[in-house]
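These notes concern the structure reproduced below.
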Amino acid sequence: MTRTFKLTIASAFLAGAAQAAAMARTTSVKLAEGWEFSRDSTNWVAVTVPHDWAISGPFDREIDKQTVAIEQNGEKTATKKTGRSGSLPWVGEGRYRRKVHLDKGVGYASLVFEGAMSEPEIFWDGRRVGEWKYGYNVFEVELPAAAGEHELEVTLRNLPESSRWYPGAGLIRPVRLVTGPRCGVATFGVFVRTPALQTWEADVAVRNPDGIAVTISNHVKEGNGPYKPWSPEEPNLYTLITEIKDAASGATLDTAETRFGFRTLEYGCEGFKLNGKKRKFKGVCLHHDLGPLGAEWNAAAFRRQVRKLKEIGCDAIRTAHNMPAPEQVAICDEMGMMVMAESFDGWKTPKCKNGYNRFYDEWWRKDLEMLVKVNRSHPSVVMWSIGNEVPEQWSEMGFRHTKAMLEFVHSLDSTRPVTQGMDRWPGPIKSGIAGIMDLNGLNYRLNYYSMARDASRSGIVLGSETASAFSSRGCYYFPPDAIATNDNPHPDGQCSSYDVEYASWANLPDDDRAMQEDNDWVVGEFVWTGFDYLGEPSPYDTYWPSRSSYFGIYDLAGLPKDRAWLYRSYWKRDGRTLHIVPSHWTFPGREGKTTPVYVYTDADSAELFVNGKSQGVRVKAKTSRLDRYRLRWNDIAYEPGELKVVCPDGRTASVRTAGEAAAIKIEGEPFDKRDDLRFFEVTIVDAGGNIVPDAAIPLAFTVSGSAAFKGACNGDATSLEVFTEPKMTTFHGKLVVVVKGERGTLKVSGGGFEDAICHF
Ligand code: GAL
C-alpha cells in the first residue's frame, strides 16, 4: 500500500510571518434563509435559496418565442418555436440581498456560489467583489475578512434566446459562506486519487498569504484498509483527513475532510473496465431541472431521481449539457451512479444567438477549471465532457479548440478520459477531432459508430446520446406507427407510449440496444433522457401549448412511462420485468378493433390471453427491429375484460378494464431520512382499485401539520396549470404532489369523491 502526498502550492513551505488566525478549521455553511428577492429593485419578497424565480409561472407562449431554424435537427427554414425554453418567465433581471455576519477572528472568508442563473455580479457592502457568466458553474468570491454585519447583494440577468431549454432563473443552487484561518486548505484544494484499489494519493493546495512554514499530512479516517472498492452496486466511501500544521510549533492550523472511493478506471481496446471488470454504461442524460421544482436544486428530489433510475438498472448519468450541482455528484457517490460531468452545449459558434458563445473566449478555461477542481475527487465521476454537438466539430478551428481543452483538462486531471458528444459525423474524422479525443462520444448516428472507432485512439466508442424517443405516459394511438410531427400532431399534442416515435435525427431504443449488444467495442450509452425536462417540446416545438419534453423514460412528474420497463428489460436482468403495453385495457368504443399489445420483459417468450383465451406465444426474434426486444401481438381485437401475459417460468402480469372513477388513492413514495421533501403519487381508481386511465379530474391539496405544500405535476407536457398552486388536474389518472416537511397530513379533494387523507 502506498500513501503519498504532494503539494501543488510551493509557497506552502516558504517561511514567513507568523500566522495570525485563531480559528482552528475552515467551515462552509449554506446561506439558505434570510434572503430577499426583487425583479424591480423596489418590491422585495422573502425567499430561501436555492430559488428559481420563474417556476411559479404563469406559462405564456410569448416568453422567449424563438424564430429559428435548428441546424442540428436538420432544419433549413426558421419557424416560430413556442415553448422552446419552457414558456416560464425566466428572461430578465433579478436581485437577491441579505445580511451576512462575520465573526471576530475570521482570517479568511469567501462565498461559494454553486450555480447562479445567470451572469451574476456580487456586491459586498455596496462594492462589486465578483462576477461569473455561466449560470451552471461553481465559483468562489473572496471577501474582506472584516468582522461585523455586511450587506450582500447579487444581481442576475437572463437574455432571451440564450438557451435551448428551460434554464431557470436566480440563485438556483446553494450559496455557501466559507470562513477559516488565513492559512488553510484552499477551497476545492484537495485532489484525492486511487491509482490502484488499495492505494491512494492526494494533492493539497494551501492558501498561505503570509508564506508561513507548514506541514501537510493526510490520512484515511477509517484506517489503513483493506479498503472496499467503490462501484454503482456497492458505493463504499472513505474520508481523507487533511491537516495543515505550523511547522515551528506543531499547532494545527486547519483540517479538511474529503470523501472519496477506491476505484480504478480503464478505457482501451478491451472496452471500459471499472475495478478491472468490463462493463457498459447503462446511462441516461439528465437536464438540470427537477420537474415541478424547476431549476431549484433539491437533494431529496435528485435522490428520488437516482432511486427511480436505479430501479430500472441505470448506472450512469450524463449531466447534459453543463456542470452538475456539487451535491448532485456527492449523491451519485453515495447512491452509486457513474457520472459523465459535462461542461458546454456550445463554444464559439452560437446555437442560440445569446448563448455561451458571448463568453467562450474569455471564460472557457475558468469554467473548465472549476468543473474539474470541484469534482475531481469524486469516485462517481468517470469521465469529463468538453462539449455537446458543438458546431465546430468538423472544422480546423474545432480541432484547435478541442486540443487546447484536452490539454487543459489533462493538466488538471490525468486520471479520467475526456469525451464530447458529437453528431456531425464524419465531420469529426475529417477535422481530426475523432483522432485526438480520449473517447469518441456519438450522439445518434449509429451508422457512423464503426467509422468513429476506426478513427479513434482507444478503439472504442460511446453512445453519448441515444434514442431520443418520444412518448407521453398513458397515451396510445392506432395504428401505433403513426408518428407525430409539428404539422401532423396527434389530436391532444401527446406522443404514443407504444414507443415507436422518435426524432428524425435519432432512432428506436431497440436500435441502440442491438448496437450495444452486438459490438464489444461500444462501451455503453446515455439515453436522451432519463426524465422529461422543461422546454424543448420536440416534436411539437411550434405547437402550442407544448412546453416540456417528451423524451423522458420517466415523465416530468417522475412517473414511469412504458419505456421504463423496456429499458429495465435491457438493463436489469433480474427476472422481474414483465410489463404489458398498453398499460391499461380501457378503450371504450374500440370493441372489435385491432389494438396491438406489446410486452416488455426479460423473458424470451410469453403467451398472451384476452379474457382467458390464448392469443398465442411470441418469441423474441432478430427478424425485425421491433421483435428483437419486444414481444408483440399486433392483431388483438379489443374486448373489455382482462389482458394477461404468462411467461414460461410461471410469471404473470395482467391489466383489467376499469369501471367508473370511484376514489382518490394516495401513495407515499420511498424517501431518505435526510430528505426535506416528500413525494406522493395520487391516482384516480375505480371500485376495484384499477387506475381509471382517461381520468382528467381537477384536484385540490391541503397540507397541514408541520409540513407545507411545495408543488404538483401531472406529467402532461401541454398543461398550463402552474406547479406551485395547490390544485391540478390528473393526467391519465395520475399526478404527483410534493410536500415540504417530514411530518403532517396531505388531503386530496375533488371529483365529488370522498377526500383522500394521508398522514405521514
Ligand atoms: C440532441 C441534443 C440534445 C437534445 C436532443 C433531442 O441533438 O444534443 O440536447 O436537443 O438532441 O433529441
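Counting in my numbering, the sequence shown runs from 2 upward without gaps. Cβ coordinates follow ideal geometry from the N, Cα and C atoms, glycine included.
Is it the case that the Cβ atoms of residue i and residue j are separated by a distance below 8 Å?
i, j, result
"isoleucine 434", "phenylalanine 471", "no"
"methionine 1", "isoleucine 430", "Only positions 2 to 761 of the chain appear in the structure, and residue 1 is not among them; the question remains open."
"arginine 319", "glycine 284", "yes"
"threonine 83", "threonine 416", "no"
"lysine 98", "leucine 153", "First, the amino acid is wrong: residue 98 is arginine here, not lysine. Yes, they are a contact pair."
"valine 142", "valine 130", "yes"
"arginine 631", "tyrosine 599", "yes"
"tryptophan 133", "histidine 151", "no"
"glutamate 534", "glycine 494", "The question names glutamate, but residue 534 is tyrosine in the sequence shown. Contact flag unset, no."
"arginine 337", "glutamate 223", "Inspection of the sequence shows that residue 337 is occupied by glycine rather than by arginine. No, Cβ-Cβ distance for glycine 337 and glutamate 223 is not below 8 Å."
"glycine 190", "alanine 203", "no"
"glycine 186", "threonine 253", "Position check: residue 186 holds valine in this sequence, whereas glycine was assumed. Their beta carbons are not under 8 Å apart, which means valine 186 does not touch threonine 253 by this criterion."
"valine 738", "phenylalanine 702", "yes"
Give the straight-line distance between the Cα atoms of residue i and residue j, rounded to the nearest whole angstrom.
i, j, result
"tryptophan 201", "glutamate 258", "15 Å"
"alanine 697", "glycine 752", "9 Å"
"tyrosine 571", "serine 39", "49 Å"
"methionine 24", "valine 107", "Residue confidence for methionine 24 is low, a pLDDT of 48 falling below 50, so the modelled location carries little weight; the figure read from the coordinates is stated next. Methionine 24 and valine 107: Cα-Cα distance of roughly 7 Å."
"aspartate 717", "glycine 706", "30 Å"
"lysine 66", "serine 549", "14 Å"
"alanine 22", "arginine 183", "With a pLDDT of 40 at alanine 22, under the threshold of 50, the modelled position of that residue is not reliable, and the figure given next carries that caveat. Cα to Cα, the separation comes out at about 6 Å."
"tryptophan 54", "arginine 280", "42 Å"
"glycine 292", "lysine 246", "47 Å"
"alanine 326", "arginine 305", "15 Å"
"leucine 238", "aspartate 414", "20 Å"
"leucine 443", "cysteine 270", "17 Å"
"lysine 741", "aspartate 519", "46 Å"
"asparagine 448", "glycine 422", "16 Å"
"asparagine 489", "threonine 80", "15 Å"
"alanine 708", "lysine 735", "22 Å"
"arginine 26", "aspartate 104", "14 Å"
"phenylalanine 754", "arginine 474", "24 Å"
"glycine 17", "isoleucine 213", "Annotation note: pLDDT 33 at glycine 17 (below 50); position unreliable, no value reported."
"cysteine 759", "phenylalanine 672", "15 Å"
"serine 396", "phenylalanine 303", "38 Å"
"threonine 719", "isoleucine 667", "24 Å"
"alanine 11", "serine 163", "With a pLDDT of 32 at alanine 11, under the threshold of 50, the modelled position of that residue is not reliable, and the figure given next carries that caveat. Distance between the alpha carbons of alanine 11 and serine 163: 41 Å."
"histidine 491", "serine 232", "43 Å"
"alanine 604", "threonine 596", "23 Å"
"valine 528", "alanine 565", "11 Å"
"isoleucine 173", "tyrosine 135", "12 Å"
The alpha helix (DSSP H) spanning residue i covers which residue range?
i, result
"arginine 417", "Unbroken run through arginine 417: none, as it is neither H nor E."
"cysteine 315", "Where cysteine 315 is concerned, there is no enclosing alpha helix (DSSP H), given that its DSSP letter is neither H nor E."
"glycine 428", "428-431"
"valine 373", "361-376"
"glutamine 517", "510-519"
"alanine 453", "450-455"
"alanine 565", "564-572"
For the beta strand (DSSP E) containing residue i, name the first residue and the last one.
i, result
"aspartate 247", "239-247"
"tyrosine 268", "266-269"
"glutamate 150", "149-159"
"cysteine 353", "Cysteine 353 -> no beta strand (DSSP E), and no H or E assigned at all."
"glycine 272", "272-275"
"asparagine 441", "440-444"
"isoleucine 698", "Note, isoleucine 698: premise wrong, no beta strand (DSSP E); not H, not E."
"glycine 464", "462-468"
"histidine 580", "579-582"
"asparagine 219", "215-221"
"threonine 256", "253-261"
"isoleucine 758", "757-760"
"aspartate 575", "It is not in any beta strand (DSSP E) - aspartate 575 carries neither H nor E in the DSSP assignment."
Open item on the list: Three Cβ pairs or more, each shorter than 8 Å: is that satisfied between the region 184-201 and the region 157-165?
Closed with: no
Open item on the list: Would you call the region 567-584 in contact with the region 649-668, where contact means no fewer than 3 C-beta pairs closer than 8 Å?
Closed with: yes
TODO: Would you check if there are 3 or more beta carbon pairs closer than 8 Å linking the region 509-520 to the region 612-629?
DONE: yes
Task: Given 8 Å, three or more beta-carbon pairs between the region 73-87 and the region 107-122 - done: no
Task: In chain order, each beta strand (DSSP E) run of at least 3 residues that lies wholly inside the region 602-689 - done: 606-611, 614-620, 632-634, 643-647, 653-657, 664-669, 678-686
TODO: Take every Cβ of the region 295-315, pair it with every Cβ of the region 550-563, and state whether three or more of those distances are shorter than 8 Å.
DONE: yes
TODO: Entirely within the region 290-342 and at least 4 residues each: give me those alpha helix (DSSP H) ranges in chain order.
DONE: 300-312, 327-336
Open item on the list: Using 8 Å as the cut-off, can you tell me whether the region 459-467 makes contact with the region 675-689, which would need three or more C-beta pairs spanning the two stretches below that distance?
Closed with: no
TODO: Pick out the complete beta strand (DSSP E) segments inside the region 39-109, 3 residues or longer, and give them in chain order.
DONE: Residue ranges of uninterrupted beta strand (DSSP E) with 3 or more members, entirely inside the region 39-109 and ordered along the chain, are 46-48, 67-69, 80-82, 93-103.
Open item on the list: Taking 8 Å as the cut-off, does the region 558-566 touch the region 338-352 (at least 3 CB pairs, one atom from each stretch)?
Closed with: No, because fewer than three Cβ pairs between the region 338-352 and the region 558-566 fall closer than 8 Å, the two stretches do not touch.
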